[in-house]
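**Student:** Residues 1 to 385 in the UniProt record's numbering are what the sequence shown lists, from first letter to last. Glycine included, each C-beta is placed from N, C-alpha and C at the ideal position.
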Amino acid sequence: MNFKKYFIANQRVNFSQIGIVLLSIMFLPILLSLFLGYTAGNKFNPSVKALNIKTEVVIEEEGFIKENLDVFFKNLEERKVLRLVENGKSDFSIKIPKGFFESITNGDNSKKIQIKREKNTDAIDFEIIKSISSSLVKNDLKLKNYSELLANNNKDKNLAGELIKEIESKSIVDYKENIHNGENALTGTQYYSVVGLSFMFMTILSSLINTKKKEVSAINKRLSLTPISTIKRELYSFTDNYILFFGISIIYILLFKLIDINNFSGNILPYFVIIMLLLFSIMSVAQFISTIIKEEYITLVGGLFNMIPILFSGMIPFEKIFGENSILTKLIYHNYYRNYFINPYINLIKGKSISEYIVGFVVMFLISVLFLVLSLNISKKREEY
């Protein structure tokens, strides 16, 4: 039997269960994502985490400007946006050169704020630092106040204080709105559509493991008796399911884009590539687990996999429950699952690069191939005995 005949035969079995397949694998994640997106998405910011970005600030300005800039950055520290540290201990350094404010008053770009990224830190932290710095040079900060401040030879302390307070206010707005809630961030439905997709992947993994149950595997008994080798039959089944679930994943994305064009925005091709890789990985893991697991543990293991996106995707705002600096919150926002099943999609929606994940994806692919090969060999040896 060739793959075409096997595919057609297997799809007949799938379509006989199409209602259950679509309900459990696609519609439930969609309904969950929409519900959370339009309710919790507007009340909680699931992507916000404890910041305290370790930053060294060097201010070469003098007089009241320096004094008030010191107050400005200390206020940011009190609001837990930054954590001011000494040289050598920082993730970022911000240097404001002497004559900076005078230069922007004169339209001279020779004096610039220097930002140095000391370590390979999170992209979002870098954006926040740039946002704070850009707030110091925005045209809507009433540059005439700089001229007035300089004209008074730095003697007008109240004016300097008001100006720095305005800058600080706009920096906080940049952080809270532009970075997390505004045009460069994700809406509730955008975020939870990604969470729903990751939840769907875990549902697929759980469903594939559950196919080893007697009451489910009986449906496929006729296909298992096809006159082909064990390895070929397993590969046919794997490829057939891969095509089916890839199609369901694409339908999921297209449905969300139909709901709102901003969902899964940008070039759609990278989304497809990531889906292909992640789908191959979870199916390989499912193939391996279903090959070695005892039937009495199938329900337990499948349930545990379904809990992963609930606990580790940011679906539940643990920072609101346990606090931003708790160990549990940090675990939720820094884990392998979130890094590769959530964050790449978020970067794509924001129009950012996903190059930082390439090495991890390659490792994931190689491990998945290993799992698939092992499962095929185990199945072959079992049939021989």
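(1) Can you name the residues that DSSP bridges to K95?
(2) Going by the DSSP bridge assignment, what does L84 pair with across the sheet?
(3) By alpha-carbon positions, which one of Y357, K74, I115, M200 ends up nearest to F92?
(4) Could you tell me the alpha carbon to alpha carbon distance between R338 and V194, rounded to whole angstroms?
(5) Here's the rule I'm using: 16 or more other beta-carbon atoms within 10 Å means buried, otherwise exposed. How should Y271 be labelled?
(6) Report the option in Y192, M26, E102 whose CA atom is closest to the CA atom of G37.
(7) Measuring CB to CB, does G302 end up less than 7 Å from N210?
(8) Is the distance from the Cβ of G196 to the Cβ of L32 below 7 Å?
(9) In its own chain, which residues sit with a C-beta less than 8 Å from the C-beta of I30, not counting the 5 before and 5 after it?
(10) Roughly how many whole angstroms lie between the Cα atoms of L370 and E86?
(11) Helix, strand or coil: which one does DSSP assign to S284?
(12) In this structure, does DSSP put G182 in helix, strand or coil?
(13) Quick one: give me the first and last residue of the alpha helix (DSSP H) that I251 is part of.
(14) Consult DSSP for S326 and reduce its assignment to one of helix, strand or coil.
(15) Are the Cβ atoms of N306 and M202 separated by less than 7 Å?
**Tutor:** Answer, in terms of the structure:
(1) For K95, the beta-bridge partners assigned by DSSP are V58, Q114.
(2) T55
(3) Of the candidates Y357, K74, I115, M200, the one whose C-alpha sits nearest the C-alpha of F92 is I115.
(4) So the alpha carbons of these two residues sit roughly 11 Å apart.
(5) When all chains shown are included, Y271 counts as buried.
(6) Here the closest residue by C-alpha is Y192.
(7) yes
(8) yes
(9) Closer than 8 Å at the Cβ level, and outside the excluded window around I30, lie G196, Y252, L255, F256.
(10) 47 Å
(11) helix
(12) Low local confidence applies: a pLDDT of 35 at G182 is under 50, so the model's placement there is unreliable, and no value is given.
(13) 230-259
(14) coil
(15) yes
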